[in-house]
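Novice: Residue numbers (this note's numbering), protein chains in the order written: chain A, 2 to 164; chain B, 2 to 164; chain C, 2 to 164; chain D, 2 to 164; chain E, 2 to 164; chain F, 2 to 164. Note that the Cβ used here is the ideal one computed from N, Cα and C, for glycine as well.
Protein chains: 6
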Amino acid sequence: MKLEAIPLRIPEGCNIIVGISHFIKTVEDLYEALVGSVPNIKFGIAFCEASGPCLVRREGNDDELIEVATENALKVAAGHTFFILIRNAYPINVLNAIKAVPEVCTILCATANPVKAVVFEDEDGNRALLGIIDGFRTKGVEGPEHVRERREFLRKIGYKLAP
Amino acid sequence: MKLEAIPLRIPEGCNIIVGISHFIKTVEDLYEALVGSVPNIKFGIAFCEASGPCLVRREGNDDELIEVATENALKVAAGHTFFILIRNAYPINVLNAIKAVPEVCTILCATANPVKAVVFEDEDGNRALLGIIDGFRTKGVEGPEHVRERREFLRKIGYKLAP
Amino acid sequence: MKLEAIPLRIPEGCNIIVGISHFIKTVEDLYEALVGSVPNIKFGIAFCEASGPCLVRREGNDDELIEVATENALKVAAGHTFFILIRNAYPINVLNAIKAVPEVCTILCATANPVKAVVFEDEDGNRALLGIIDGFRTKGVEGPEHVRERREFLRKIGYKLAP
Amino acid sequence: MKLEAIPLRIPEGCNIIVGISHFIKTVEDLYEALVGSVPNIKFGIAFCEASGPCLVRREGNDDELIEVATENALKVAAGHTFFILIRNAYPINVLNAIKAVPEVCTILCATANPVKAVVFEDEDGNRALLGIIDGFRTKGVEGPEHVRERREFLRKIGYKLAP
Amino acid sequence: MKLEAIPLRIPEGCNIIVGISHFIKTVEDLYEALVGSVPNIKFGIAFCEASGPCLVRREGNDDELIEVATENALKVAAGHTFFILIRNAYPINVLNAIKAVPEVCTILCATANPVKAVVFEDEDGNRALLGIIDGFRTKGVEGPEHVRERREFLRKIGYKLAP
Amino acid sequence: MKLEAIPLRIPEGCNIIVGISHFIKTVEDLYEALVGSVPNIKFGIAFCEASGPCLVRREGNDDELIEVATENALKVAAGHTFFILIRNAYPINVLNAIKAVPEVCTILCATANPVKAVVFEDEDGNRALLGIIDGFRTKGVEGPEHVRERREFLRKIGYKLAP
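(1) For glycine 132/F versus leucine 9/E, is the C-beta spacing smaller than 8 Å?
(2) Would you say the region 4-20 of chain D touches the region 80-88 of chain D, given that touching needs at least three Cβ pairs under 8 Å?
(3) Can you tell me whether glycine 141/D is buried or exposed, with buried defined as 16 or more other CB within 10 angstroms of its CB?
(4) So, helix, strand or coil for threonine 71/F, using DSSP?
(5) Tell me the rounded alpha-carbon separation between alanine 78/F and glycine 53/F.
(6) Using a Cβ-Cβ distance under 8 Å, would glycine 20/D count as near chain B?
(7) Can a CB atom of chain D be found closer than 8 Å to the CB of leucine 162/A?
(8) By how many angstroms is the C-alpha of asparagine 94/A removed from the C-alpha of leucine 155/F?
(9) On a Cα-Cα basis, can you pick out the residue from Glu68/D, Lys26/D, Val57/D and Pro145/D that is closest to lysine 43/D?
(10) For threonine 107/B, report the span of its beta strand (DSSP E) as first-last.
(11) Under 8 Å between beta-carbons, which chain A residues line up against leucine 4/C? List them in chain order, please.
(12) Tell me the rounded alpha-carbon separation between leucine 31/A and aspartate 63/A.
(13) Would arginine 59/F be called buried (16 or more neighbouring beta carbons within 10 Å of its own) or exposed?
(14) Pick out the complete alpha helix (DSSP H) segments inside the region 11-50 of chain F, 4 residues or longer, and give them in chain order.
(15) Which residues mark the beginning and the end of the beta strand (DSSP E) in which alanine 6/C is found?
(16) Assign glycine 80/E to buried or exposed, taking buried as 16 or more other Cβ atoms, counted over all protein chains shown, within 10 Å of its Cβ.
(17) In the DSSP assignment, the alpha helix (DSSP H) including alanine 98/A goes from what residue to what residue?
(18) Quick one: give me the first and last residue of the alpha helix (DSSP H) that lysine 157/C is part of.
(19) Taking Cβ-Cβ distances below 8 Å as the criterion, which residues of the region 86-118 of chain A are in contact with chain E?
(20) Can you pull the chain E neighbours of histidine 167/F, defined as C-beta to C-beta under 7 Å?
(21) With distances taken between CB atoms, is the gap from glycine 20/C to valine 105/C smaller than 8 Å?
(22) I need the straight-line Cα distance from alanine 47/C to leucine 35/C, nearest angstrom please.
(23) Please classify lysine 3/D as buried or exposed, where buried requires at least 16 neighbouring CB atoms within 10 angstroms.
(24) Using the beta-carbon of each residue, which ones in chain B are nearer than 9 Å to glycine 141/C?
(25) Hey, how far is the Cα of alanine 111/F from the Cα of proline 145/F?
(26) Can you tell me where the beta strand (DSSP E) with aspartate 1/E in it begins and where it stops?
(27) Using a C-beta cutoff of 8 Å, does phenylalanine 137/C count as contacting chain B?
(28) Glutamate 104/D by DSSP, collapsed to three states: which one?
(29) Please check if any C-beta of chain A sits within less than 8 Å of the C-beta of glycine 233/B.
(30) Hey, quick one: how far does the beta strand (DSSP E) through alanine 118/B stretch, first residue to last?
(31) Where glycine 126/D and isoleucine 25/A are concerned, what is the direct C-alpha to C-alpha distance, given to the nearest angstrom?
(32) Provide the residue span of the beta strand (DSSP E) that contains arginine 138/E, from first to last.
(33) Compute the distance between the beta-carbons of tyrosine 91/A and proline 40/F, then report whether it is under 8 Å.
(34) Listing by chain order, which chain D residues have their CB less than 8 Å from the CB of glycine 37/B?
(35) For glutamate 29/D and isoleucine 108/B, I'd like the C-alpha separation in whole angstroms.
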C-alpha cells in the first residue's frame, strides 16, 4: 500500500477539471457537454476504463489537449477517473454541464493552478484518486482592503454589477 | 491512525453506488429517488447514522440487496456514508436523481467492478471514507481501432445514433 | 508528506458544510445562494484562495459565523476548499443551491456532528482535503422497531406524510 | 369554445405559484419539496386530477392556505394544473425545488401581485390553462436613477453585495 | 387569426409529453435523454423544424411511436414544438432528464389522458402552441376518505413508504 | 378582452429567449447567468416589472441588445415576462443556466427565427403572454435522406461524434 502525490500537467492558459465517473460512455457525453457549452472551446478528455482492456479512453477537439489529458490519466491510472483540459473557456462556463452528465459522480478540482493528484495504491497495484492539492497553502486572511479589491475586481471584469 | 482498503461486496449483475450524505432522512429520499427512476428497479440502501445510536439505517425493495448494502456499510462504518446496490437498472438511469436528493453531498463511485473503500480511522476509531479503488489499474491508451470499436459499441446498443 | 485529522469548530446549533470550489468568485456566489435559500438564515463563508496572495476569502451575514468559517479554513489551509457555517437553517434547505453554484466542484460533508478534516500535506507544505470524519463510528444495524421510530419521527416533524 | 380570465385569490402576505404537472403523486412530492426548503414555511397545495373522479387533490401544513389553493383550483378546473400558496417564504426560496419535482412540467407564475388565469374551454367543458395575467401592464422604461435605486435596494436587503 | 383545440393521439398504454425546444439537435438529445433513462423504454420523438424546409424531424426506437409522434406534430404544426410518446416507462422516469436537455425550453404536458392541443394561428398560417387540455374538467374536492385512499395507493405501489 | 400576435425584433445574427420570471432581482441574476456562461457573449435583458411603477427593468453588456430587448418588452407589456437577446453565443450555451435562475418560472422560446408573441389583454389592459409563434408552419416530414443529412450536419459542425 502506498500514498503518493503526482503532479499533473496543465499547459499555459488552460484549466484542468478532474473527476470520477462511470462507464466509457462518459467520454462521448463529456465531449457533447463541453462542445455545447462555449462556441469556441478547445478541449481534451481522458477517462481511465476500469475493466477489460483498462485503456485510457479519449475524445476532444484539440489534439494537444487530448494528449495532455491522456498523459495525466496515465500518471494517475485510477479506475473511472477523468481528466479534462480546456482552453478558450473557464471552468465556470462548463462545470454545471459536467455535473449534469448522467455518468459523472463528482468533480475533485477545477483549476489553472499547479496541482498534484493524491493517489492511494493497494498491494495489487490498483488505485484510487483521493483528492487534489490545488495550488498553494493558505497564507493568511483577507482584510477590509482585500475585500474591496476582490469585489471591485469581479465588477471590473463584468461578472457582478455595481450600484 | 490508520488507512486501509476494504473490499465491498457486489452481487453478480448489480451495480454499487457509494456516496456521502446528511441526516437519516437520506434513506427515504434515496428510496423515492430510486423507485421513481426505473419501473422495475430492485435496490437496497444503507446509510451510516453518525450520532446518537449510530445505526445503519436502511430501505429498499429487495431484501438481498438491503442485506448487501448493510454489510458494506458495516465494513466501512464511516459517518454519513451511504451504499446503494441496484439490479435491473444501470447507474446512468439513477445517478442524476441521486445527485438531486437534497441531503446528498457527493457520489464517490458508481460501478459493477470489484471495489475497495479507502478508509481513514482516527485514534478514537471514528472513520472517513476518502475514496474508492474502482476496478483495475490503467494498462494503456486506446488507438484508432479501439476508438472505432468503442463508438460502434455505444451505437449498437442504442445509446448513441449513427449517421 | 503527512496525513492528519484536524478537528473543525462548529458552534452550538449550527451546521457546517465543507466543499471544493474554483476561483474567488465562489464566496459571492455562495453568499447569494445561501441568502436566497431561507429568509432568516445566518451564515459565514470562508474559501482558501490557492494562488497569488493565498488569502482566506470570506463573506456572510453573521460576524461570528464568518470568524468560525475563517478559523476552520486556516486550520485546513488547502487550496480551493470552502467552509460554510449556517444557523436558522438546515443543510437540506441549502445543499441543492450550493451544488448548483457554477464554481462548486463537490461537497464533502454537511453536518452538525463533531468533524475532523483529513488533510494530506506534501513536502512543500501544500495541502489537499481528502475527506471528513463525520461524527462517530457505526455501532450496529437498525431493527424493525428502529425503522418504525425513524419513519414516525420524520412524519412527526412533518418532513413526510403518513396515510 | 371560450377563452376567459379568472381572478385567483392570494391572501395578504402570501405568494402564489401556478404550474402544470402530471399524476396525483404531485401533491405529496410538492409537499416534501416545500417543507424541505424553508424551516418555517406555511403552505397549501391543490392539484386538479384529470381522470377518474377528477378531484382537487390537496396537501399542505396550513389549513387556510390549503383552502385558498383549493378555491383557485376549482375556479380554473383545468386538468393537471397545480396551485401553491406560501407564507413565511418567497418564491426564490422554493422555485428551484419545485422545478426539480419529477412530475412537474412547468411553472406559469410566481407572484404576490393580483393575477388572472387565462383559461380555454372546449365544447365539452374541458379546460386548459394558457397563461397568467401577473399584475399590471407595463408603463415605461427605467432610467439611470431607477437603475441605481433598484440595484441599491437589492443590496440594502442583502440579496447582493456592494463593493 | 384563429384559435383551435386539436385532439392528439395516444396509443393504449402510452404517455405523451409535449414541449417547446430550440434547434434540430433536439431530436438527438431527446433520444439520448430517453434511452438513458429506463433500460427497456420504447419511444418516438417528433420535432417541428421552424425554418428552411420546416420538416418534422424524428428519432426513436419504436416505429409505431415515431409514427404517432409525427402524426401529432403534423396536426399541431407549430414551430419548435416537440411530441414524445413513451411505452414501458412513465413520465416521472423521464421528465427531469428532458427538462435538462440544453435545447428544451419548457414542457406543456405529460399524461396518458385524452388531450387537445390549443393552437393559435396567425393570418400567414404560422402557429403557436399555447397549452394543452389534459383530461377532464375538475368535478369536486377530495374529502378525508379520498386523501387516505390516495396516500395508501401511493404506498401500496411502492412510491412512498408507510411508518 | 383581446388576443393578438405581436412581432418581436431580432437583429441579424442574434437569438431571442423569452420567458416568465418573478421579481426585479431577475435582471441581475439573468445578467450573472449569461455573463458566466460564455466568455465573449454579448446580451441585453429586459423584464416587465408588474407592480408599483411597472417599468421595464434592464441589464446587459451590449447597448444595442439592451435597446432591442426593451423594445420587445414594451410591445408585449405583460407582467413578469422577460426578453433576452444574445450575440456570440447560442441558446444551447445558456438555456440551462437560465432555467436554473431561482426567479425563472419558464422559457417560452429560444430562437433566431422571426417570432410573434401571442398576448391576451383583459378589459383593464393588463396582459398575459400565452405563447410564441416561432418561425414557420410545418411543411412535411423528413425522409431517410433528410435524416442522414441532419445527422451528418450535426457531426460536421462537431456537436456529435461519428463512429
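Specialist: Reading off the structure:
(1) Looking up residue 132/F in the sixth sequence gives position 131. Looking up residue 9/E in the fifth sequence gives position 8. Contact flag unset, no.
(2) Yes: at least three Cβ pairs fall under 8 Å.
(3) In the fourth sequence, residue 141/D corresponds to position 140, counting from 1. With fewer than 16 other beta carbons inside 10 angstroms of its own, glycine 141/D counts as exposed.
(4) Residue 71/F sits at position 70 when you count from the first residue of the sixth sequence. Residue state, collapsed to three classes: helix.
(5) What you label residue 78/F is simply residue 77 of the sixth sequence in a count that begins at 1. What you label residue 53/F is simply residue 52 of the sixth sequence in a count that begins at 1. Looking at the two C-alpha atoms, the distance is approximately 14 Å.
(6) Against the fourth sequence, residue 20/D aligns to sequence position 19. Not one chain B Cβ lies under 8 Å of glycine 20/D.
(7) For the purposes of this step, residue 162/A is taken as residue 161 along the first sequence, with counting starting at 1. Yes, contact with chain D.
(8) Here residue 155/F refers to the residue found at position 154 of the sixth sequence. Here residue 94/A refers to the residue found at position 93 of the first sequence. Distance between the alpha carbons of leucine 155/F and asparagine 94/A: 22 Å.
(9) Residue 43/D sits at position 42 when you count from the first residue of the fourth sequence. Comparing Cα-Cα distances from lysine 43/D to each of Glu68/D, Lys26/D, Val57/D and Pro145/D, the minimum goes to Glu68/D.
(10) Here residue 107/B corresponds to residue number 106 of the second sequence, with the count starting at 1. DSSP places threonine 107/B inside the beta strand (DSSP E), whose first and last residues are 107-112.
(11) Here residue 4/C refers to the residue found at position 3 of the third sequence. Contact note: leucine 4/C reaches chain A through Leu4, using a C-beta cutoff of 8 Å and chain order.
(12) Here residue 31/A corresponds to residue number 30 of the first sequence, with the count starting at 1. Here residue 63/A corresponds to residue number 62 of the first sequence, with the count starting at 1. If you take the alpha carbons of leucine 31/A and aspartate 63/A, they lie about 14 Å apart.
(13) Sequence index remark: in the sixth sequence, residue 59/F carries index 58 (1-based). Result: buried.
(14) Taken in chain order, the complete alpha helix (DSSP H) segments of 4 or more residues contained in the region 11-50 of chain F are 26-36.
(15) Numbered from 1 along the third sequence, position 5 holds the residue referred to as residue 6/C. Counting along the chain, alanine 6/C sits inside the beta strand (DSSP E) bounded by residues 3-8.
(16) For the purposes of this step, residue 80/E is identified with residue 79 of the fifth sequence, where counting begins at 1. Flag for glycine 80/E reads buried.
(17) Here residue 98/A corresponds to residue number 97 of the first sequence, with the count starting at 1. First-last of the alpha helix (DSSP H) with alanine 98/A: 92-100.
(18) By one-based count along the third sequence, residue 157/C stands at place 156. It spans 145-157 - the alpha helix (DSSP H) in which lysine 157/C sits, taken as one unbroken run.
(19) The residues in question are Ala98, Ala101 and Pro103.
(20) The structure shown does not extend to residue 167/F, since chain F is modelled only from 2 to 164, so the question has no answer here.
(21) For the purposes of this step, residue 20/C is taken as the residue at position 19 of the third sequence. For the purposes of this step, residue 105/C is taken as the residue at position 104 of the third sequence. It is a contact, given that the beta carbons lie within the stated cut-off.
(22) Mapped onto the third sequence, residue 47/C falls at position 46. Mapped onto the third sequence, residue 35/C falls at position 34. Roughly 13 Å between the two C-alpha positions.
(23) For the purposes of this step, residue 3/D is taken as the residue at position 2 of the fourth sequence. Exposed.
(24) As a position in the third sequence, residue 141/C is number 140, starting the count at 1. Pro54, Cys55, Leu56, Val57 and Leu75, listed in chain order.
(25) For this step, residue 111/F is matched to residue 110 along the sixth sequence. For this step, residue 145/F is matched to residue 144 along the sixth sequence. When rounded, the separation of the alpha-carbon atoms in alanine 111/F and proline 145/F is 27 Å.
(26) Here chain E comprises residues numbered 2 to 164, so residue 1/E is not present and cannot be evaluated.
(27) Taking the first residue of the third sequence as position 1, residue 137/C is located at position 136. Closer than 8 Å to some Cβ of chain B, the Cβ of phenylalanine 137/C qualifies, so yes.
(28) Indexing the fourth sequence from 1 puts residue 104/D at position 103. It is coil, neither helix nor strand.
(29) Coverage of chain B is limited to positions 2 through 164, which leaves residue 233/B absent and any answer about it impossible.
(30) To locate residue 118/B, count along the second sequence from 1; it is residue 117. Alanine 118/B -> beta strand (DSSP E) spans 116-122.
(31) The residue given as residue 126/D occupies position 125 in the fourth sequence. The residue given as residue 25/A occupies position 24 in the first sequence. The straight-line gap from Cα to Cα measures roughly 52 Å.
(32) On the fifth sequence, residue 138/E is found 137 positions in, with the first residue counted as 1. First-last for arginine 138/E: undefined, no H or E at that position.
(33) Locating residue 91/A in the first sequence gives position 90, counting from the first residue. Locating residue 40/F in the sixth sequence gives position 39, counting from the first residue. Contact flag set, yes.
(34) What you label residue 37/B is simply residue 36 of the second sequence in a count that begins at 1. For glycine 37/B, the C-beta contacts it makes with chain D under 8 Å involve Pro103, in order along the chain.
(35) The sequence position of residue 29/D within the fourth sequence is 28, counting from 1. The sequence position of residue 108/B within the second sequence is 107, counting from 1. Whole-angstrom Cα-Cα distance: 26 Å.
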